[in-house]
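One line per chain: the protein sequences are P and Y, in this order.
-8 is the number of the first residue of the first sequence in our numbering; add one for each residue after it.
-8 is the number of the first residue of the second sequence in our numbering; add one for each residue after it.
Just so it is clear, CB atoms sit at the ideal spot from N, CA and C, and this is done for glycine as well.
Structure first, commentary second.
Number of protein chains: 2
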Amino acid sequence: MDLRNFFEPKSVAVLGVSKTPEKIGSVIFKNLVDSGFKGEVFAVNPNEDFVLGYKSYHSVNDIKEKIDLAVIAVPSKAVLSVIKECAQKRIKNILMVTAGFKESGNVKLDQELVELLSKYGMKFVGPNCLGIIDNYHAVDTLFIPLSRLQRPRKGNISFVTQSGAFGSSVLDLISAEGYGLSKFVSYGNSLDVDESDILDYLDKDKTTDLIVMYIEGVKNGKKFLETLKRMRKPVLAIKGGKFSESNNSTLSHTGSLAGAYEVYQGVFHQANVVSAESIQDIFDFLRIFEKNIKIRGNRVQIITNGGGHGVISSDAIIHNGLKLAELSESTKKKLKGSLPSIATVSNPLDLVGDADDLRYKLAIETCLHDKNNDVLLVNLLYQTPRLSKSIVDVIGELNHKNLKPIVVVSTGSYLTGELKESLEKKSIPCFQFPENAVKSIKAVYDYYRNRK
Amino acid sequence: MDLRNFFEPKSVAVLGVSKTPEKIGSVIFKNLVDSGFKGEVFAVNPNEDFVLGYKSYHSVNDIKEKIDLAVIAVPSKAVLSVIKECAQKRIKNILMVTAGFKESGNVKLDQELVELLSKYGMKFVGPNCLGIIDNYHAVDTLFIPLSRLQRPRKGNISFVTQSGAFGSSVLDLISAEGYGLSKFVSYGNSLDVDESDILDYLDKDKTTDLIVMYIEGVKNGKKFLETLKRMRKPVLAIKGGKFSESNNSTLSHTGSLAGAYEVYQGVFHQANVVSAESIQDIFDFLRIFEKNIKIRGNRVQIITNGGGHGVISSDAIIHNGLKLAELSESTKKKLKGSLPSIATVSNPLDLVGDADDLRYKLAIETCLHDKNNDVLLVNLLYQTPRLSKSIVDVIGELNHKNLKPIVVVSTGSYLTGELKESLEKKSIPCFQFPENAVKSIKAVYDYYRNRK
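Rendered as structure tokens:
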């Protein structure tokens, strides 16, 4: 389905803009105006001539210009009549944030709405959704002000969510964690456009490299499976409503009955969807996926300056079904000849607490050339006295050679935080804890292993 | 074993202070001086008259004053002779940070050291350790400068770690996360004083309410089990070296062979130790434990303003073997009479996205008085438009009545971060994600359930 006009409309009408700036229609209008949107935006309110300092149209039919997208934020009792007005104006794309439909028990309203949409041949996102962001076309129709929810920088992740509030809180955190966003779609009750349509569109979208999805239930399981199987980009999914006991809440939430978790697990497995067990998983897995780092083998070599982190990393590797790489004889010989005797030349390769940048350089470089491993897990405890800020450049240069994926773990607070930020800027994934790093390596490895 | 002189000595001699400020002996001396230690500190260096602007003694025997604790940071080849000097000076408590013993294959040196300690009746912590902090006696013998590793504020957590570097990085994060510390002990190879002695001491320590422990292996399993079983305070443990394949690394690390994980799990279970699967678990569990919040039942009532978070919370509750509480009929009646019809009066209790402080107040207060639940899990998505900063006072006041434990989840970035900090200051545990909150509720519930 061509959803272009939802993401890159040339003109948008917002229905339900009010004199009160806090009302959702007003916030949407304001966000569109403030987001730097290049097209035209029109405010519609049947009772006002001016709202928020802008001209207000009493109906979309009072607007002369062609409208690519109508964003509807009127109360639920008014939705049918404004849809009819939009039809008169020949508006073909509707985004409706209004709630109060099936999710609140009002099934009849859903049916009437569906009939109208079908009659007029409209594409429709919502209702009961939060809106859409396209960072590359400065489209922002969220009904949450910027002061409450920071928007992420431009990037390659697109985020599709059935739940609006979940989407908003995770989006807020995506910004803070420095991830870049292409598109955000909260699709709510999916009366017309559904998750499959959106996935399909994003798979073809040039600014999207990977997709994060929060899903509770789907109406058309076959379409969903077929769409997922066709996807050429990684899809990271988190499923809400895993158990029958928690299904009541999904029903009253987005009006969809959550299917059995086992069925979803089967679908995800068949379609090579990366299944996240928790929100934390999503953020962890993204660290590697968003950098387009492909992990093609399961032999992990640990390098560390702290024994404990080496041990915990080993545990995590075995726990996740990955393999502790074995250093080749020539690597061992080289390292034993160059490292101080207190270092342990094995896996973990323990450079011990007084390791400096050069010792790390030697160890990483040598292991990058060792054919017995597929990925390096570099623990870098920056509390130790002899590491300097230049370690960022050291690892950055070695990583730049693209010999093998390097994943860094650095546990700590402020200084460590700066270090991680600098490494991330050089496209090196950097984790707080070894367990999360290893689980993410496993997820990325599994994705590329199972990819056709 | 009375370890008082390790934590609250009146006089300390540091052996191995050098003219170079970066050397470990110098850093220890500097930290002791800078930490506000009320006792006397003496620098010892056989070749210098002055170090770092202080008088240097050529031997501890040149010091006239009585010495409660000697901190030894000399090279390993010199340790035996300085121990003999300490014996002459009748120093009974030795903390040795020097490495290069069994963990590097030098077993003979260990044996000679043990013989000396036994001969002189010395208490000995180390070798191959990072040092000790006592926040209540301004003792700081870590060989990491303050600029590299932030020290936590005073608090009620004591942290015992076999691995020094692990300890340092976690300590750094403990500070940043705002947790308060009583004591930190890195005990390294535990030639004399071992984990059991330290646990025993901390259990009697007035400023310690709970203990976090990183452990790889113990020498005296029976003593360890007996000690743990005697503990009256919660012990949160993370075990390094869970699998036989990862045991090589623990052997070369602290010179101890990690025992089978199953054995440790058995010990932890018998002694009601809170077993953490990951470093993240430790930080999560602490949020509730450090506030001395006792969770006595497993029926969790979810309150939320975001459906997705409600669903994910439900999933986590079932996944962790807790129970979704059922609202009593009278609570349902009261809530249905007061909440807008769009709200879902069930579990989750969904106040929906336009909930304001008052709606939360009503919901929390009503649920606190409902006998059908034991703990409230309050999801608070602060991206929604109608919540104000006063929500902190609203929840703070309700929590102050001590009716039931309240655990908050608030996913998001800056504004949310401020909210969480304010709630934490009011002794309300605040989590980023529902899954971590629920897992922590389960850990605390299990601890108090199994406590004799």
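- Inside the region -3 to 35 of chain P, DSSP marks whole alpha helix (DSSP H) runs of 4 or more residues at positions 15 to 25, from first to last along the chain.
- Fewer than three pairs of CB atoms, one per stretch, sit closer than 8 angstroms, so the region 259 to 267 of chain Y makes no contact with the region 322 to 340 of chain Y.
- Residues of the region 155 to 169 of chain Y with a Cβ closer than 9 angstroms to any Cβ of chain P, in chain order: G155, A156, F157, G158, S159, S160, V161, L162, D163, L164, I165, S166, A167 and E168.
- One Cα belongs to D275 (chain Y), the other to D196 (chain Y), and the distance between them is close to 24 angstroms.
- Under the criterion of beta carbons closer than 8 angstroms, V3 (chain P) and L60 (chain P) qualify as touching, at roughly 5 angstroms.
- Judged by DSSP secondary structure, Q292 (chain Y) falls within the beta strand (DSSP E) whose first and last residues are R290 to T295.
- Judged by DSSP secondary structure, T152 (chain P) falls within the beta strand (DSSP E) whose first and last residues are R144 to T152.
- CA-CA distance, G403 (chain P) to N311 (chain P), rounds to 24 angstroms.
- Scanning chain Y for C-beta atoms nearer than 9 angstroms to the C-beta of Y255 (chain P) yields nothing, as the closest lies near 12 angstroms away.
- DSSP places Y205 (chain Y) within a strand segment (E or B) once states are collapsed to three.
- For R290 (chain P), none of the residues of chain Y pass the 8 angstroms Cβ criterion, the least Cβ distance being about 13 angstroms.
- For K99 (chain Y), the enclosing alpha helix (DSSP H) covers residues V98 to Y111.
- Interface criterion not met: the Cβ of R350 (chain Y) is under 9 angstroms from no Cβ in chain P.
- With respect to V73 (chain P), V88 (chain P) sits apart: the two C-beta atoms are not nearer than 9 angstroms.
- Per DSSP, G122 (chain Y) is one residue of the beta strand (DSSP E) stretching across G122 to D125.
- One alpha carbon belongs to L277 (chain P), the other to K324 (chain Y), and they sit about 44 angstroms apart.
- Residue-level contact by beta carbon holds for K233 (chain P) and chain Y, with a gap shorter than 9 angstroms.
- Residue contact with chain P for F134 (chain Y): present (Cβ-Cβ distance below 9 angstroms to some residue of chain P).
- Close partners of Q141 (chain Y) in chain P (Cβ separation under 8 angstroms): S404 and Y405.
- According to DSSP, S266 (chain P) shares a beta bridge with P:A228.
- Rounded to whole angstroms, the gap between the alpha carbons of T375 (chain P) and L342 (chain P) is 12 angstroms.
- Linking S109 (chain P) to R(-5) (chain P) through their CA atoms gives a straight-line distance of about 19 angstroms.
- Taking 8 angstroms as the upper bound on Cβ-Cβ separation, chain P lies near residues Y205 and E207 of the region 191 to 209 of chain Y.
- G117 (chain P) is a Cβ neighbour of Y178 (chain P), given a cutoff of 9 angstroms.
- DSSP lists Y:A4 and Y:I85 as the beta-bridge partner residues of A61 (chain Y).
- For T132 (chain Y), the three-state secondary structure derived from DSSP is coil.
- Distance from the CA atom of V8 (chain Y) to the CA atom of V35 (chain Y), rounded to whole angstroms, is 6 angstroms.
- Here T11 (chain P) is exposed: its Cβ has fewer than 16 other Cβ atoms, across all protein chains shown, within 10 Å.
- Taking a beta-carbon distance threshold of 9 angstroms, L372 (chain P) counts as an interface residue toward chain Y.
- Taking 9 angstroms as the CB threshold, D183 (chain P) stays off the interface with chain Y.
- For the C-beta of N296 (chain Y), the chain P residues within less than 7 angstroms are, from N- to C-terminus, A156.
- Within its own chain, the residues whose Cβ lies closer than 7 angstroms to the Cβ of V105 (chain P), once the five positions on either side in sequence are excluded, are L182, listed in chain order.
- Under the 9 angstroms criterion on CB atoms, A90 (chain P) is classed as interfacial with respect to chain Y.
- Not one beta carbon of chain P lies nearer than 9 angstroms to the beta carbon of F259 (chain Y).
- The way I'd put it, the region 18 to 28 of chain Y doesn't touch the region 395 to 411 of chain P; fewer than three beta-carbon pairs between them come closer than 8 angstroms.
- Chain order gives the chain P residues near F424 (chain Y) as S269, I270 and Q271, where near means a beta carbon separation below 7 angstroms.
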